[in-house]
Every structure is written in C-alpha cells, then in structure tokens.
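> Quick note: the sequence shown, position 134, residue 133 per numbering that gives the first Met the number 0, numbers continuous. Where is the CB? At the ideal position from N, CA and C, for every residue including glycine. In this text, all values refer to a predicted model and were calculated from it rather than measured experimentally.
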Amino acid sequence: MSRLYSTVIGSLLLLSLTATQLQAQRIIPQPLQVQPVSGTFTLSGTTAIIAGQQAGEAKYLQQLLQDHYGLRLSLQTNATQNSIRLVTDKKLSDLGNEGYQLKVTPEAVTITAPTATGIFYGIQSLRQLMSKNGDACTIACTDIKDKPRFGWRAFMLDEGRYFKGSETVKQLLDKMAALKMNVFHWHLTDDQGWRIEIKKYPLLTSIGGRRDSTQIGGWNSKTYDGKPHQGFYTQEQIKEIIAYAAARHITIIPEIEMPGHASAAIAAYPWLGTTHQQIAVPGTFGVHYEVFNVTDPKVVGFLQDVLQEVIALFPSKVIHIGGDEVKYDQWKADAGVKAYMQQHQLQSPADLQIAFTNDISNYLAGKHRRMAGWNEIMGAKLHEYTDDKDAGTKKLAPGTIVQFWKGDLKLITEAVSKGYDVINSYHALTYLDYDYKSISLENAYSFDPIPAGLDPKYHSRILGSGCQMWGEWIPDTAAMNKQVFPRLAAYAEDGWTVLANKDFRLFSEILKKL
C-alpha cells in the first residue's frame, strides 16, 4: 500500500467517526478494546462515588473531580443509579495487575479491575472522557477493556545537571499518572551535582551538591554563566515524593552513578578517586575523566554505604547504578589498578568494570534488590574515547537489567539471548533533550520497544521502554516542559498500546482535545 493511499484512507476513517465515537475513543494511551455505546452519562454534584474496597482510589477521584471540575461528590456505600462504582474483582486475571474495565451507561459508571492499580488507571481513562457542561459533566457511553502492552513505562529526569525541586517532580508525576506511566527513573547523581542526602557522608551534598558556574551556549562553548547552582533532596523530602508517587501507582527507581560520572562525589571526598587529587565540582558538561577507584575496598565500602541508605529510602525492587560513559584513562595509568587487574586476571578495563558491577549486583541481590545499568555494563565498545582492546569479555551477574541506549540494536539480541531483561531506551528515538527536528512527535510515536527482527521467543525479555530527559541544557522547568510535552504522551502510548491500535493521525487529533 502506498504512503499516499494510506494517508487518504486514514483521513477518511477519521472523518467517518461520529462525534460520539470520537469522544468514546478520546483516550491517550489508546485502550486495548473500545466499544462505543449510544447515549451519555451526566455527572453532577448529586452523583455518588461507591468505593467498595478501594477507599484510597475513591478519595483520589473525589479530590480530582473537585479540583478540576468543581464537583463535590459524596462517598457512599451503595447506589444503583447516578453513581461511579469502583469494583475490585480478582477473577479478572486476564487483565493482569494494571488492567481494568470501564463501562459508561446513561445510568452509571462502573470501573472494575483486579487491583487498585487497575481501578486507578480506569479513573485516568474516565477523566479524559469527561466534557464540562455548565455545572455538570457529560461522558459518552462506552465499554472499554484495557491493559498495558508492557509492564515498564518509564520517564527519566536528570537532576544531576540542574536541580528542579519537589514541586516540579510532583507535577511530572501527575502528568505521568494521567498517561498511565508507572516508573519514574530519578537520575540523582552525576559529575555536575549530587542531589540526594546521604547521612553518613554529608559532604556529598554540602560540597558535591553545589557548583560555582555552569557552561552555557552548547557543548563546545567556552562561556559560563558565572552563577552558583546548588540543590539537593533531604531524605524526608524524598520520602514525601515516594509517597506521592506511590499514591499514583508510580514506582521511583533511583539512579546512583558508578563508577563514572563521579566528579561531584570525588570533589567532596577526594580519596574516592583514582588519583586522590582535590577537584572542584565541574561546571562543564560532557564526559569527565574522574572515576571511582573500584579496586580500593574503602571506595567499594563507601558505595555500599550509600546504597544501604538508598535502599532504606526507596521501596523499589530495582536500583539503577548507571555504569555509562566510563573513561578508563585513570585506571590504565594507575599502577595499583593495573596490579589489581593482573592479580584478579582481568584482561581489560571493561572487565574490571564488569567485575565491579557484578559485586554491586550481588550486594544488591543480598538486599533483595535487582540492579539495572546502562548497556555499557555489558562491556562492548560504544565510544570513540575507548580502545577496541578496552572492551570486556566477562559475563554480567544473573538478574541484571540492561537499559539499552546506544550501539547496534544487535546488542539487545545479545543481552536477551544471554538471559538478561532489557529496557529499551534507544537514544535516537527516546532522548527528550534532543530537539524536535531530531525526534519529532511522530518519530517519538513510532518507537517500538521491541526492535525489528527480534526473535519472538525473546519478546518477554523486553520489560518495556524509557524516555529520558537529560538535563545539561534545561536550567529550569519551562525549558524542560518544552522538551517533554507533548512527546511524553507519545511515549506513554508506545509503552501501553498494542501496535494494531496505534494510529498517529487519531493520536494527534485526540491530543488537540486534551
């Protein structure tokens, strides 16, 4: 079928939809099954919310309707008409942990799901179907059965480069929840800033959380703004944000970078570095040379101490350790590191990194956590600043999650064929710091977490997708929002909607109405 013919057919199909049908399908991400039904339900102040077993979700819905529509609905124990019923039915096992059924008739709205998460996602679909009409709201009658294609639907915020603060994070969590995204990947440490309080090592934030000036004007610029930048989250603030996310059925995955992107930590405690030299927190972006000396037991002990406090804070079963963009120059130049590698029969710097990564993975496994890392942790040469002989041959520890972002897509096949689960975050299609010429809204929408040609027997190894808001050139929330929205909606649909139901023209039309 030609591209022109496909476009014409798509236009005709869109025009053929009645207003009621379009309203019934006005949901992003597009549900699994939608059956429009004639009629509308009128939601007003006299409508009751019947909570059933889901008191928390009922209160969330009650507050949402009050805040966004000015409707004050009462919580009641029973009503057959003019009600929104939240029904838990564990027999609906085919919907998984996040699926739901939403039925809207002229008499009532019913959301049925096996779990509270499914009820919550049914509420998110319901809110998109509502149209304000004076002091009431109308909802097109419909019958929806829905569940996600992937269980991992992530958005990543990098605050190592620019600290954003609790309110911005909460606003992002609200947007994610409305789009049924369920993983907030929180990049909390990097060369240019350490943003999480670690009580055993207070200098990480008092020194590592502040830089004197910041590069502006692009990657090769020699211009700096001359302004100090600082900020970090206390552990109490982090607990509050975790609770806020949990109420929206979002898991927060913390990322603590190691062994590279470590300059801020080394500025605070120089003994962590390979050279032990005092450095300042850099204001220049890009990949820096400072790396942790992972052959020193004291440094490994420090990292375990940090992870212990992180584990105590975050209930997530996954901890991300970064592992990307490690420059090996300092390791290759250090006599102690070379002696350690020889003693432990490590043939390359990447093998040293893999051995260290496996030690961390095993440490986390002992704490009932899984380790995730960017795909450099597998040892392949991905960067021009590493030599071919620097590549690794050692195998990663079992249970490791590989987050793919760079290199030949065959590296995904290599990872899954070796038994590793993969999060697909291929940079050319998922990096939100890239401008809209590089990744248009349509390109973002076209992303499929399962790469073309992957053997179906490995499809279950693809946990899902991630879209990444790297922070080098987003100094404030306004700049961030321009990059994130509306592309976040496209990534939400990439992670939720089955391929057969994806339609960019329909998506674009719905997006205009939200």
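Alpha carbon to alpha carbon, how far is GLN52 from LEU351? Give it in angstroms, no decimals.
Roughly 52 Å between the two C-alpha positions.
> Among ASN132, LEU408, ILE122, which one has its Cα closest to the Cα of LYS102?
ILE122
> Would you mind reading off the limits of the alpha helix (DSSP H) that contains LEU351?
Element bounds for LEU351: 348-365.
> Should THR294 and MET340 be called a contact, given that it needs their Cβ atoms to be closer than 9 Å?
It is a contact, given that the beta carbons lie within the stated cut-off.
> Assuming contact is defined by CB atoms lying nearer than 9 Å, are ASP493 and SER464 in contact in what I supplied?
yes
> Please report how far the alpha carbon of ALA78 lies from the alpha carbon of SER43, in whole angstroms.
15 Å
> To the nearest angstrom, how far is the alpha carbon of GLN127 from that of SER445?
GLN127 and SER445 have their C-alpha atoms roughly 23 Å apart.
> Identify the continuous alpha helix (DSSP H) that holds ALA135 and give its terminal residues.
That residue, ALA135, is in no alpha helix (DSSP H); its beta strand (DSSP E) goes 135-145.
> Find out if the Cβ-Cβ distance for the pair LEU187, ILE241 is shorter than 9 Å.
no
> Round the Cβ separation of ILE48 and ILE83 to the nearest angstrom and send it over; I've been treating them as touching at under 8 Å.
5 Å
> Would you kindly report the start and end of the unbroken beta strand (DSSP E) that includes ASP420?
For ASP420, the enclosing beta strand (DSSP E) starts and ends at 420-423.
> Answer yes or no: do ALA246 and TYR59 have a C-beta to C-beta separation smaller than 9 Å?
yes
> Taking 9 Å as the CB-CB limit, is THR399 close to chain B?
The chain labelled as chain B is not found in the depicted structure, where only one protein chain is given.
> Given this structure, state the Cα-to-Cα distance separating GLY476 from SER124, to the nearest angstrom.
Looking at the sequence provided, one finds Thr at residue 476 rather than Gly. Spanning the alpha carbons of THR476 and SER124 requires a straight line of approximately 27 Å.
> Pick out the complete alpha helix (DSSP H) segments inside the region 218-264, 4 residues or longer, and give them in chain order.
Whole alpha helix (DSSP H) segments, 4+ residues: 234-245.
> Once you ignore the five residues that flank GLN80 on each side, which residues in its own chain have a CB closer than 8 Å to its CB?
GLU106, ALA107
> Could you tell me which uninterrupted alpha helix (DSSP H) segments, each at least 4 residues in length, are contained entirely in the region 99-176, listed from first to last along the chain?
115-128
> Assign SER205 to one of three DSSP states: helix, strand, or coil.
helix
> In three-state terms, what does DSSP make of VAL497?
coil
> Tell me ILE400's beta-bridge partners as DSSP assigns them.
ALA371, ASP420
> Note down the Cα distance separating ALA266 from GLY207, rounded to an integer number of angstroms.
6 Å
> Can you grab the Cα-Cα spacing for the pair THR496 / TRP270, in whole Å?
49 Å
> On the premise that LEU172 lies in contact with ILE249, defined as a C-beta separation below 8 Å, what is that separation, rounded to the nearest angstrom?
6 Å
> Please name the residue in ALA390, SER212, GLU239 whose C-alpha comes closest to that of LYS326.
Among ALA390, SER212, GLU239, the Cα nearest to that of LYS326 belongs to ALA390.
> Looking only at DSSP bridge pairs, what is MET468 linked to?
For MET468, which the question treats as bridged, DSSP gives the partners LEU156.
> Could you tell me which residues DSSP pairs with PRO35 in its beta bridges?
THR141
> Using DSSP bridges, identify the partner residues of TRP330.
Its beta-bridge partners do not exist; DSSP assigns none.
> Could you tell me which residues DSSP puts in a beta bridge with CYS85?
A small correction: the amino acid at residue 85 is Leu; Cys does not occupy that position in the sequence shown. BP columns for LEU85 point to ILE110.
> Excluding sequence positions up to five away, which residues of its chain have a Cβ less than 6 Å from the Cβ of GLY9?
Any reading at GLY9 needs caution, since the residue's pLDDT is 41, under 50, leaving its predicted position unreliable; the model's value is listed next. So the list reads ARG504, once near-sequence residues are dropped.
> Is it buried or exposed for ASN374, if we count other Cβ within 10 angstroms and need 16 for buried?
buried
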